[in-house]
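J.:
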Amino acid sequence: MFRINLSHTKLEQIEEYINLIRSYSDIPICLDTQGAQVRTGTLMGGHVNLESGKMVDIVTSPVQGNTTKVPLYPDSVLQQLMVGNLISIDFDTVLLQVVETGPTCRGRVLSGGKIGSNKAVSIFPLVHMPPLTSIDYAAIETCLRLGIRHMALSFANHRSDVELLRGLVGEDVEIITKIESRIGLRNLADIIDVTDAILIDRGDLSREIPLESLPFVQKQIIQSANKSKLPVYVATNLLESMVSSSQPTRAEVNDVINTLLDGADGLVLAAETSIGKHPVGCASMIRTLINQYERQVDLSIPERNLFSTSRLITPHGGRLIGRVISGCEDQSLKGLPQLDIDKRTMMDVHQIAVGAFSPIEGFMGREVLESVLAGNKLPDGTVFPMPILLQLPAEKTHNYRPHETIALTNAGKIWALLYIEECFTYNLKDLAIKWFGTDDTDHPGVLRLLSRSNCFLAGKVDLLSEYLKCCQPYEMTPAQSRLTFEHCQWQKVVGFHTRNVAHRAHEYLQLTALSDHHCDGIFIHPVIGPKKTGDFSGSIILKSYQHLIENYYPFNQAVLGGFMSYSRYAGPREALFTALCRKNYGCSHFVVGRDHTGVGSYYSPDASQRLLETVGDIGIQIIFFDEVYYCQKCMSYTSKCEHGKEFNQKISGTQARETLRQGKILPEWFMRESVSRLILEELKNGSEVFVD
Numbered sequence: 065m066f067r068i069n070l071s072h073t074k075l076e077q078i079e080e081y082i083n084l085i086r087s088y089s090d091i092p093i094c095l096d097t098q099g100a101q102v103r104t105g106t107l108m109g110g111h112v113n114l115e116s117g118k119m120v121d122i123v124t125s126p127v128q129g130n131t132t133k134v135p136l137y138p139d140s141v142l143q144q145l146m147v148g149n150l151i152s153i154d155f156d157t158v159l160l161q162v163v164e165t166g167p168t169c170r171g172r173v174l175s176g177g178k179i180g181s182n183k184a185v186s187i188f189p190l191v192h193m194p195p196l197t198s199i200d201y202a203a204i205e206t207c208l209r210l211g212i213r214h215m216a217l218s219f220a221n222h223r224s225d226v227e228l229l230r231g232l233v234g235e236d237v238e239i240i241t242k243i244e245s246r247i248g249l250r251n252l253a254d255i256i257d258v259t260d261a262i263l264i265d266r267g268d269l270s271r272e273i274p275l276e277s278l279p280f281v282q283k284q285i286i287q288s289a290n291k292s293k294l295p296v297y298v299a300t301n302l303l304e305s306m307v308s309s310s311q312p313t314r315a316e317v318n319d320v321i322n323t324l325l326d327g328a329d330g331l332v333l334a335a336e337t338s339i340g341k342h343p344v345g346c347a348s349m350i351r352t353l354i355n356q357y358e359r360q361v362d363l364s365i366p367e368r369n370l371f372s373t374s375r376l377i378t379p380h381g382g383r384l385i386g387r388v389i390s391g392c393e394d395q396s397l398k399g400l401p402q403l404d405i406d407k408r409t410m411m412d413v414h415q416i417a418v419g420a421f422s423p424i425e426g427f428m429g430r431e432v433l434e435s436v437l438a439g440n441k442l443p444d445g446t447v448f449p450m451p452i453l454l455q456l457p458a459e460k461t462h463n464y465r466p467h468e469t470i471a472l473t474n475a476g477k478i479w480a481l482l483y484i485e486e487c488f489t490y491n492l493k494d495l496a497i498k499w500f501g502t503d504d505t506d507h508p509g510v511l512r513l514l515s516r517s518n519c520f521l522a523g524k525v526d527l528l529s530e531y532l533k534c535c536q537p538y539e540m541t542p543a544q545s546r547l548t549f550e551h552c553q554w555q556k557v558v559g560f561h562t563r564n565v566a567h568r569a570h571e572y573l574q575l576t577a578l579s580d581h582h583c584d585g586i587f588i589h590p591v592i593g594p595k596k597t598g599d600f601s602g603s604i605i606l607k608s609y610q611h612l613i614e615n616y617y618p619f620n621q622a623v624l625g626g627f628m629s630y631s632r633y634a635g636p637r638e639a640l641f642t643a644l645c646r647k648n649y650g651c652s653h654f655v656v657g658r659d660h661t662g663v664g665s666y667y668s669p670d671a672s673q674r675l676l677e678t679v680g681d682i683g684i685q686i687i688f689f690d691e692v693y694y695c696q697k698c699m700s701y702t703s704k705c706e707h708g709k710e711f712n713q714k715i716s717g718t719q720a721r722e723t724l725r726q727g728k729i730l731p732e733w734f735m736r737e738s739v740s741r742l743i744l745e746e747l748k749n750g751s752e753v754f755v756d
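Throughout, my numbering is defined as the position within the sequence shown, counted from one, plus 64.
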């Protein structure tokens, strides 16, 4: 069968190509639609190189792309972009994250590389795309007029997509549905019910499925189609080396034969015959391999599961929790009892739902709370040191009951659902001592706890997907960070938690951890939620690190992501908790300095290390650093050297803030001059640098 691919064929060429093919052969012709796909527009010179860490404009397709502008089409996709979206371009060559939308869309390059014109693009979370484009509709009309009886539906995600095409072409046309997205894979059974054949596009599917999982996914799709007695074809990367070489590799030959042995009914050549140097030789090789297969005995393949694997560390508890739901109309939820929660509690709901607190799926009840307080573990033995609680305001203590579903609101809007399992009370001073080691109200964590009632609600939560549209630039969910690390081909990743702008001591910790532990990259993950008065704002922290990554850090070895959470000031408990959160984000290592996440003199400098020794292995390697300082003799940062204390210079956050407020540049040993100047420029422009 000859395939006319609309992604690479102009509408006015279709009739010409059909007539040309028919003048030489009576082999059937198939129209391959564009479908629900985003592609790059025209790029200057046909391709451009994008550098990791740089910012680019995301523009509509009429604009010619270059190193600072990336055009996408259809143009309507730009209207759907949200801050935080990940954009994968050209078979995982480049990864962007959207940081600004509106009249101008901007993205930061998380993983750089070379991209070409008219190349496939994936957006996460997915944007809505109609199953057929205007070009598809026109092409279908032409092909029906010319008697074409085979249509391939690209990027089919739902049963209804196939039914739409069926309504256009009728029962006489064979529809070949292409499975090339995670959603299409999820809805495979429904799609099989209404299509005439299945085509596995391994190229596009590999942008959403880890490469190491793809062989098993292919087997599963083939087996599902075989059970339904439906023809199934496999496309992309069959004999890729023959684009330039006259012979395939042994691995390619093995792949083709095993694909046929698994039960594929046909093979689809793409680049090998469309742009390859040996299209005839490639077709002949495929026919030879098919003939060889047909002479062999059929083998049965045991069923394999469809779950993705990953080279990254396993999420805490074994799986990444996902409790984000879509399709719930705000209007339909207004009849539920409501509870207005503060910003910090809303952040907890958000992080529970996206899996940052895995394996937690909701707010803790009494039994779980007491297990965490007594032994830093959940009742099943999983290490978890931090109470995650929904504390009621005093005036709401008698309004709710178990087995009730309530709507959680913030700023007057419903954002989540809580399925109440338990309502309980707890002595707040006892809770403070067990949690923070003190009931002193000078401790900010204790003060917040004691300022509310002693009544708590427990139960699982679901977050409405609309909330994700409110995310800030640089925010990432654990699923997004894991996708980013996979894209960068990282396996060993150092996580770094901070509340401060980039300074030289933290540079030393980050780059030393990266080098000494032979990691592939570092995930700089500053807290960008509420802070104390006088702290550096989340936006200036992110800008300072963006500047470092663009100008100073090792190429393609640093990713910056904002963590929308808040400090609980729980000392060693929080150090362990923040490490487990970064484990869920995909980090294999985590940096803990002296007095990590502490406050005042409530916790000893080595408290975190001592706690870790008591709980045992948590699956993520903690990198402990003693206090570091700049040695004037060594002319570098260190945690230990032979020179006396008179040569030591230490970082002081108070000193940094006072100096910058006075409009002065900090010493180079303290902070890079360019970072100081960036902060001073932001102050001059009236931007938020310090929390008021």
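Glycine included, every Cβ here is placed at the ideal spot set by N, Cα and C. Just so we're clear, the structure is a prediction, and the values are computed from it rather than from any experiment.
(1) My parser needs the beta strand (DSSP E) runs of 3 or more residues fully inside the stretch 283-311; what are they?
(2) Identify, in the order they occur along the chain, each residue of the same chain with its Cβ nearer than 8 Å to the Cβ of residue 763, setting aside the five sequence neighbours on each side.
(3) Does the Cβ of residue 102 have 16 or more other Cβ atoms within 10 Å, making it buried, or fewer, making it exposed?
(4) Residues in its own chain within less than 6 Å of residue 371 by CB, not counting five upstream and five downstream?
(5) Let me know the beta strand (DSSP E) ranges lying completely inside the stretch 492-542, each 3 residues or longer, listed in chain order.
(6) Considering only the beta carbon of each residue, do residue 272 and residue 246 sit closer than 8 Å?
(7) How big is the Cα-Cα spacing for residue 582 and residue 541?
(8) Cutting at 6 Å between CB atoms, please list the residues of its own chain near residue 684, excluding the five before and the five after it.
(9) For residue 504, which residues in the same chain have their Cβ closer than 7 Å to its Cβ, ignoring the five residues on either side in sequence?
(10) At the level of alpha carbons, what is the spacing between residue 93 and residue 297?
(11) What are the start and end residues of the beta strand (DSSP E) that includes residue 112?
(12) Is it buried or exposed, residue 108, if we count other Cβ atoms within 10 angstroms and call 16 or more buried?
(13) If the criterion is Cβ atoms closer than 8 Å, does the pair residue 560 and residue 520 meet it?
(14) Quick one: what does DSSP say residue 69 is sitting in, helix, strand or coil?
(15) Under 8 Å: do the stretch 611-620 and the stretch 104-120 share three or more Cβ pairs, one atom per stretch?
(16) Taking all protein chains shown into account, do 16 or more other C-beta atoms lie within 10 angstroms of the C-beta of residue 440, making it buried, or fewer, making it exposed?
(17) From the DSSP output, read off the bridge partner residues of residue 135.
(18) Near residue 594, what residues of its chain come up, given a Cβ to Cβ distance below 6 Å and the 5 sequence neighbours on each side ignored?
(19) Restricting to Cα atoms, I'd like to know which of 469, 445, 451, 195 is closest to residue 221.
(20) Select from 72, 68, 96 the residue whose C-alpha is nearest the C-alpha of residue 83.
(21) Going along the chain, which unbroken runs of the beta strand (DSSP E) with 3 or more residues stay wholly within the stretch 402-437?
(22) Could you compute how far the alpha carbon of residue 536 sits from the alpha carbon of residue 454?
(23) Who are the near neighbours of residue 130 in its chain, counting only those whose CB is closer than 8 Å to its CB and skipping five residues on each side?
(24) Could you check where the beta strand (DSSP E) with residue 477 kicks off and where it finishes?
(25) Where residue 495 and residue 518 are concerned, what is the direct C-alpha to C-alpha distance, given to the nearest angstrom?
(26) Determine the DSSP secondary structure at residue 180, reduced to helix, strand or coil.
(27) With 16 other CB atoms within 10 Å as the buried threshold, where does residue 192 fall?
(28) Using the Cα positions of residue 73 and residue 85, report the straight-line distance between them to the nearest angstrom.
(29) Entirely within the stretch 213-282 and at least 4 residues each: give me those alpha helix (DSSP H) ranges in chain order.
(30) Quick one: grab the DSSP three-state call for residue 98.
(31) If you run the structure through DSSP and keep just helix, strand and coil, what is residue 42?
(32) Here's the rule: buried if 16 or more other CB atoms are within 10 angstroms of the residue's CB, otherwise exposed. What is residue 80?
(33) How about residue 437 and residue 451: are their beta carbons less than 8 Å apart?
(34) Should residue 758 and residue 568 be called a contact, given that it needs their Cβ atoms to be closer than 8 Å?
(35) What residues in its chain sit with their C-beta under 6 Å from that of residue 279, if we drop five residues either side in the sequence?
(36) Which runs of the alpha helix (DSSP H) fall wholly inside the stretch 630-711 and span at least 4 residues, in chain order?
T.: Reading from the atomic positions:
(1) 296-299
(2) The chain is shown only over 65 to 756; residue 763 falls outside these bounds and no answer can be derived.
(3) buried
(4) With a pLDDT of 33 at residue 371, under the threshold of 50, the modelled position of that residue is not reliable, and the figure given next carries that caveat. Contacts found: none.
(5) 519-528
(6) yes
(7) 25 Å
(8) 643, 647, 654
(9) 510
(10) Distance from the CA atom of residue 93 to the CA atom of residue 297, rounded to whole angstroms, is 15 Å.
(11) According to the DSSP assignment, residue 112 belongs to the beta strand (DSSP E) that extends over 111-114.
(12) exposed
(13) Residue 520 is positioned such that its CB atom lies no closer than 8 Å to that of residue 560.
(14) Three-state result, residue 69: strand.
(15) yes
(16) buried
(17) 123
(18) Correct list, in chain order: 630.
(19) 195
(20) Nearest of 72, 68, 96 to residue 83, Cα basis: 68.
(21) 402-404
(22) 24 Å
(23) 107, 108, 112
(24) 477-489
(25) 10 Å
(26) Residue 180 carries a strand assignment under DSSP once its states are collapsed to helix, strand and coil.
(27) Counting the other CB atoms within 10 Å of its CB gives residue 192 a total below 16, which places it among the exposed residues.
(28) 15 Å
(29) 223-233, 246-250, 252-258, 266-269
(30) coil
(31) There is no way to answer for residue 42, as the model of the chain reaches only from 65 to 756.
(32) Under this definition residue 80 is an exposed residue.
(33) yes
(34) This structure cannot settle anything about residue 758, because the visible part of the chain is limited to 65 through 756.
(35) Non-local beta-carbon contacts of residue 279 in its own chain, meaning distances under 6 Å to residues more than five positions away in sequence, are absent.
(36) 636-648, 671-679
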